[in-house]
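Visitor: Residue numbers for the sequence shown, in this note's numbering: 1224 to 1410. Beta carbons: idealized from backbone N, C-alpha and C, even for Gly. Predicted model only: the values in this text are computed from it and were never measured. Could you have a look at this structure, given as structure tokens, before my questions?
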Amino acid sequence: MIRFVAGPDGSVVPDLAGRLPGRGIWVSSDRSAVELAVKKKLFSRAAKTQLTIPEGMVDRIETGLLRRVQDSLALARKASQAITGYEKVRGWLELERARVLMQARDGSERGKTKLKAPIQKPGGPDTFIGHLSAEELGLAFGRDRVIHAALSAGGLSKRVVEEAARLQSIRKDIGGNGSAGKEQTEA
């Protein structure tokens, strides 16, 4: 779910961190649900006042969620809870230190099949994230491109998984690949 609030200027503001003051308007984090809320002016109805929708709001939400995933990954890396590189990731998986396997969606299929995600406990968090590009993963780790990464157990890995799930649900209507705005205008 994504929370929105009415800004002081009467515009709709996505509250991705969930910390802005005011009464929240909650919308499912599906791209189609947000676009439907914009199209049918459901934000104004929920706020009981006329609100303006900023241009390209859905794309801004996607960009904001991507930044939150990358920032969480960067914190995990600095806390030694995240690593990159095929050999290091494989080592963590063998030692059962990795709780989440991350692989770039644009990495080679042959290389990605060599690593298996940790077994997910029933009702537990996801143990695989595969919808980020190599460049998007790379930005979080201070590199140009990252194909394989792993997260160890901890609060940061839980946060990364939750934010990545929100990002994936915003991207899923377009196949989970790349920026939605770019793909929709080219199609």
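When the Cα atoms are used, what is the spatial distance from Arg-1366 to Thr-1272?
Guide: Their backbone Cα atoms lie some 46 Å apart in a straight line.
Visitor: Is the Cβ-Cβ distance between Ser-1392 and Asp-1253 less than 8 Å?
Guide: Yes, these two residues count as a Cβ contact at 8 Å.
Visitor: Shorter than 8 Å from the beta carbon of Arg-1368 to some beta carbon of chain C?
Guide: Here there is only one protein chain, and chain C is not present.
Visitor: Along the chain, where does the beta strand (DSSP E) that runs through Thr-1205 open and close?
Guide: Lying before the first or after the last residue shown, residue 1205 is absent from the chain, which here runs from 1224 to 1410.
Visitor: What does a CB cutoff of less than 7 Å around Pro-1348 pick up in its chain, not counting 5 residues either side in sequence?
Guide: Around Pro-1348: Lys-1381, Val-1384.
Visitor: Check for me: the beta strand (DSSP E) holding Val-1261 runs from which residue to which?
Guide: Taken as a continuous stretch (DSSP letters only), Val-1261 belongs to no beta strand (DSSP E), being part of the alpha helix (DSSP H) at 1254 to 1262.
Visitor: How many angstroms separate the CA atom of Ile-1342 from the CA atom of Ser-1255?
Guide: One C-alpha to the other measures close to 31 Å.
Visitor: If distances are taken between C-alpha atoms only, which option among Leu-1355, Phe-1364, Val-1261 comes closest to Thr-1307?
Guide: Answer by Cα proximity: Phe-1364.
Visitor: For Glu-1258 and Thr-1286, I'd like the C-alpha separation in whole angstroms.
Guide: Spanning the two alpha carbons is a distance of roughly 16 Å.
Visitor: Ignoring anything shorter than 3 residues or poking outside the segment 1309 to 1347, list the beta strand (DSSP E) runs there in chain order.
Guide: Counting only runs of 3 or more, we get 1321 to 1326.
Visitor: Tell me which residues share the same chain as Arg-1320 and place their Cβ nearer than 7 Å to its Cβ, disregarding the 5 neighbours each side in the sequence.
Guide: Hits under 7 Å: Ser-1375.
Visitor: So, with DSSP's three-state summary, where would you put Ser-1234?
Guide: Residue state, collapsed to three classes: strand.
Visitor: Could you pull the DSSP bridge partners for Ala-1270 from this structure?
Guide: Answer is none; Ala-1270 lacks a bridge partner.
Visitor: For Met-1280, count the other beta carbons within 10 Å of its own beta carbon; 16 or more makes it buried, fewer makes it exposed. Which is it?
Guide: Buried.
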